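K.L.:
Taking numbering that gives the first Met the number 0, the leading residue of the sequence shown gets 0, the next gets one more, and so forth.
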Amino acid sequence: MRWIIAFTAVGLAALPATAFSAPNRPDAQGEVRRDLRAGNVRSLREIERTVLPTKPGMQYLGPEYDPAAMVYRLKFIREGHVMFVDVDARTGQVLGESH
């Protein structure tokens with residue numbers, strides 16, 4: 000049983016962060032790719048390079064992408080408190096934070 004848990008954890012860690020984008024929208028990853036190819040949004044990696052350094056001491060849990068709003072939502076946690084950072088995917092501007 001332990002090897003199943005370990006194998007699953009390793010497999011999940013190997014997935015790209017975009018695989019977790021908008022779990023309620025199965026085609027969100029395809030939509031963000033289309034938006035990227037069209038030059039309408041910045042890449043998730045570019046957004047992360049800007050935002051992650053502003054959250055020292057927080058664990059980054061991953062992104063979601065809302066194709067209708069063209070917004071990335073980055074999820075963080077520290078000491079059991081979850082924080083969301085919404086970022087305009089077109090400009091990279093932080094739109095707000097919620098706790």
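A virtual CB, placed ideally from N, CA and C, is assigned to each residue, including glycine.
Remember, it's a predicted structure, so these values are computed and weren't measured experimentally.
Return the CA-CA distance between residue 78 and residue 97, expressed in angstroms with no decimal places.
P.N.:
Spanning the two alpha carbons is a distance of roughly 16 Å.
K.L.:
Which partner residues of residue 76 appear in the DSSP bridge assignment?
P.N.:
In DSSP, residue 76 forms a bridge with 58 and 81.
K.L.:
Tell me whether residue 31 sits in a helix, a strand or coil according to DSSP, three-state version.
P.N.:
Helix at residue 31.
K.L.:
Quickly, what does DSSP pair residue 97 with across the bridge? List them, please.
P.N.:
Partner(s): 83.
K.L.:
Taking the CB atoms as reference points, tell me whether residue 51 and residue 64 lie closer together than 7 Å.
P.N.:
In this structure, residue 64 does not lie closer than 7 Å to residue 51 by Cβ.
K.L.:
With the cut-off set at 7 Å, would you say residue 85 and residue 95 are in Cβ contact?
P.N.:
Contact flag set, yes.
K.L.:
Between which residues of its own chain and residue 82 is the CB-CB distance below 8 Å, once the five residues before and five after are set aside?
P.N.:
Taken in chain order, the residues that qualify are 54, 57, 74, 75, 76, 96, 97 and 98.
K.L.:
Have a look at the DSSP bridge pairing and note the partners of residue 65.
P.N.:
In the DSSP output, where bridge partners are listed per residue, residue 65 has 70.
K.L.:
Can you name the start and end residues of the alpha helix (DSSP H) that residue 43 belongs to?
P.N.:
First-last of the alpha helix (DSSP H) with residue 43: 43-50.
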